[in-house]
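Using UniProt numbering, the first residue of the sequence shown is number 1, and each one after it goes up by one. Every residue gets a Cβ at the ideal spot worked out from N, C-alpha and C, and that includes glycine.
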Amino acid sequence: MLSHEQVIDRVFGLYERFGASDYIGEPVSQIEHMSQAAQLAIAEGFDDEVVLAAFFHDIGHLCAEGAENMGGYGVVSHERLGADYLREAGFSERLARLVEYHVQAKRYLTLRESGYYDRLSEASRRTLEYQGGVMTEAEADAFEQDPLCAVSLRMRQWDELAKEMAVPVMDLALLKGKAFTVLSREAR
Numbered sequence: 001m002l003s004h005e006q007v008i009d010r011v012f013g014l015y016e017r018f019g020a021s022d023y024i025g026e027p028v029s030q031i032e033h034m035s036q037a038a039q040l041a042i043a044e045g046f047d048d049e050v051v052l053a054a055f056f057h058d059i060g061h062l063c064a065e066g067a068e069n070m071g072g073y074g075v076v077s078h079e080r081l082g083a084d085y086l087r088e089a090g091f092s093e094r095l096a097r098l099v100e101y102h103v104q105a106k107r108y109l110t111l112r113e114s115g116y117y118d119r120l121s122e123a124s125r126r127t128l129e130y131q132g133g134v135m136t137e138a139e140a141d142a143f144e145q146d147p148l149c150a151v152s153l154r155m156r157q158w159d160e161l162a163k164e165m166a167v168p169v170m171d172l173a174l175l176k177g178k179a180f181t182v183l184s185r186e187a188r
């Protein structure tokens, strides 16, 4: 079994190896996108698990080398692959589900929020097709009953906002510290 430090080195190593790569049709890199999402969560005062989920929400694009591609727009089922990767690494179920739900939140908002689809970037519109498309009413009703629905919808908003050019990447040591705290709490 890996120590917390080894898990953190492995997980954050993905960002060191692949973080500078293009964020799939957006004007920022993977690490810039993830950093901005985490900064938005911090700015709103969310707890460490939510901040880390915001940072890790697209880790499935980084940890699933060779996985099926969405027509040049990243990895198919990246939300599930990323959530499973984080579960296996020892992160909490809540954090993993938040990572998994960021795609469900997009599908939900496309159904329930007027004009949401029109505000999506071209890349987000294209990937929606691979992600199950717009939710059905029944799916949306069920999603609303999930205790993580509200924070998942916030995370989706951060995901959409986290595409600004020339925003400095945050100090990853801060996130590594949060990861150590969360992993330590899970190990108890």
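Annotation: M170 to D47 spans about 17 Å, alpha carbon to alpha carbon.
By the neighbour-count definition (other C-beta atoms within 10 Å, threshold 16), Q6 is an exposed residue. An exposed status is given to D146, since fewer than 16 other beta-carbon atoms sit within 10 Å of its beta-carbon.
Annotation: M1 to D58 spans about 25 Å, alpha carbon to alpha carbon.
Taking the CA atoms as reference points, S29 sits about 16 Å from C63. In the structure shown, E113 falls within a coil segment according to DSSP collapsed to helix, strand and coil. A contact between stretches requires three or more CB pairs, one per stretch, nearer than 8 Å, and the segment 167-181 fails this requirement with the segment 117-129. One thing to note: V103 has its Cβ no nearer than 7 Å to the Cβ of E65. L86 is the residue among L95, K163 and L86 whose C-alpha sits nearest the C-alpha of R10. Here L98 really is in contact with L148; their C-beta atoms are around 6 Å apart, less than 8 Å. D141 and L153 have their C-alpha atoms spaced approximately 14 Å apart.
Under the three-state reduction of DSSP, F46 is assigned to coil, being neither helix nor strand.
Per DSSP, reduced to three states, the secondary structure at E65 is coil, with no helix or strand assignment. Taken atom to atom, the span from the alpha-carbon of A162 to that of K106 is near 15 Å. Sorting K176, H4 and L109 by C-alpha distance to the C-alpha of L128 places L109 at the top. For E186, the closest of F91, A138 and R156 by C-alpha to C-alpha distance is F91.
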